[in-house]
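K.L.:
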Amino acid sequence: MSLARLIQIQSDIRVCRDCPAMVGRPVHGSAILSPIYLLGQAPGPREESFGRPFAYTAGRTLFRWFEETSGVSEDDFRARVYMAAVARCFPGKGKSGDRVPNREEIENCRRHILRETQVLKPKLLLPVGKLALCEVLGARHFPASAKLVDVIGKSFQIDFHGQHVDVIPLPHPSGLSAWHKTEPGKTLLKRALGKIVDHPVWREFME
Ligand code: SF4
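With the numbering used here, you'll find the sequence shown wraps up at 355, consecutive numbering, no jumps.
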């Protein structure tokens, strides 16, 4: 029943054309009934052709983080973690790197997140990058003045679309960002990954 609903939600996402400025078509991960929900920013230019999120260089970095920390391969990760994004379409290029989805696009796409979380009822939520952090933590835990150092390496208990979830934020693995390669980012990233793989939901579902 739940799987059928999730498949229907993904089918609805695939035909969504609500944001005229988006360059790419919607991309989503596999329909997995997982208690672990990863929320990225938006697909890059290559993800649509691969037909899955985090399919290129940022994904390679993200999956390497988890492989090195817990031994979970990319295939296992994709098979067990539900992978979503704040916006499901490639926004096109901005002044430096990919364009950040605008407020209207974020609001349009939020209904997909809402429907997914109603079905999945996640227990562990992993926002990746600032946009996803804003979407999940909101102004209370991640105000406009906050920086990644304020939240990476910490965990939060919040209500997210009616679900009580543990949130462990991650920085964006983009090659354009040096944050996770230099201190204090390196140490805080390691701390965050350690918290994820020590989390009871991760241990129960991934090991
Ligand atoms: S970004 Fe989201 S709401 Fe906008 S067209 Fe793509 S799937 Fe639809």
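A virtual CB, placed ideally from N, CA and C, is assigned to each residue, including glycine.
(1) In the DSSP output, which residue or residues are listed as bridge partners for P275?
(2) Taking L175 and R153 to be in contact with their CB atoms under 8 Å, please state how far apart those CB atoms are, rounded to whole angstroms.
(3) Since I believe P239 is in contact with A287 (beta carbons under 8 Å), could you give me their beta-carbon distance rounded to a whole number of angstroms?
(4) Kindly examine the ligand SF4 and report whether one of its heavy atoms sits closer than 7 Å to the Cβ of M354.
(5) So who's on the other strand from H312, going by DSSP bridges?
(6) Which one or two residues does DSSP pair with K241 in a beta bridge?
(7) For the beta strand (DSSP E) holding A233, just list the boundary residues, first then last.
(8) Using the three-state DSSP reduction, which class does L268 fall into: helix, strand or coil?
(9) First and last residue of the alpha helix (DSSP H) that includes V297?
(10) Count the other CB atoms, across all protein chains shown, that sit within 10 Å of the CB of I184; report buried if there are 16 or more and exposed otherwise.
(11) Assess contact between the stretch 320-331 and the stretch 264-282, defined as three or more Cβ pairs (one per stretch) separated by less than 8 Å. Is contact present?
(12) Spell out the partners DSSP gives L318 in its beta bridges.
(13) Indicate, with yes or no, if the ligand SF4 has a heavy atom lying under 7 Å from the CB of W263.
(14) Might you give, ordered along the chain, the residues of its own chain that have their beta carbon closer than 7 Å to the beta carbon of G301, omitting 5 neighbours on each side?
(15) Where does D333 sit, in a helix, a strand or coil, going by DSSP?
(16) With a CB to CB cut of under 7 Å and the five nearest residues on each side skipped, what residues in its chain are close to C282?
(17) At a cut-off of 7 Å, would you count A235 as near the ligand SF4, judging by its Cβ distance to the nearest heavy atom?
P.N.:
On the basis of the supplied data:
(1) Partner(s): L187.
(2) In the sequence on display, residue 175 carries Val and not Leu. At roughly 20 Å, the Cβ-Cβ gap does not stay under 8 Å, so V175 and R153 are not in contact.
(3) Between P239 and A287 the Cβ distance is about 23 Å, and since that is not below 8 Å, they are no contact.
(4) With a cutoff of 7 Å, M354 does not count as near the ligand SF4, since its C-beta is closer than that to no heavy atom of the ligand.
(5) In DSSP, H312 forms a bridge with D307.
(6) For K241, DSSP records a beta bridge to D246.
(7) Looking at the DSSP string, the run of the beta strand (DSSP E) that includes A233 is 230-233.
(8) Residue state, collapsed to three classes: helix.
(9) Under the DSSP assignment, V297 falls in the alpha helix (DSSP H) whose first and last residues are 296-299.
(10) Buried.
(11) Yes, the stretch 320-331 touches the stretch 264-282.
(12) V276.
(13) Reading off the sequence, residue 263 comes out as Arg, not Trp. No; taking the cut-off as 7 Å, the Cβ of R263 has no heavy atom of the ligand SF4 nearer than that.
(14) Taking G301 as the centre and dropping the five residues before and after it, the same chain places the C-beta of L336, R339, A340 closer than 7 Å to its C-beta, in chain order.
(15) A small correction: the amino acid at residue 333 is Gly; Asp does not occupy that position in the sequence shown. G333 falls in the helix class under three-state DSSP.
(16) Counting only Cβ-Cβ distances below 7 Å, and skipping sequence neighbours, we find F290.
(17) At least one heavy atom of the ligand SF4 is nearer than 7 Å to the Cβ of A235, so yes.
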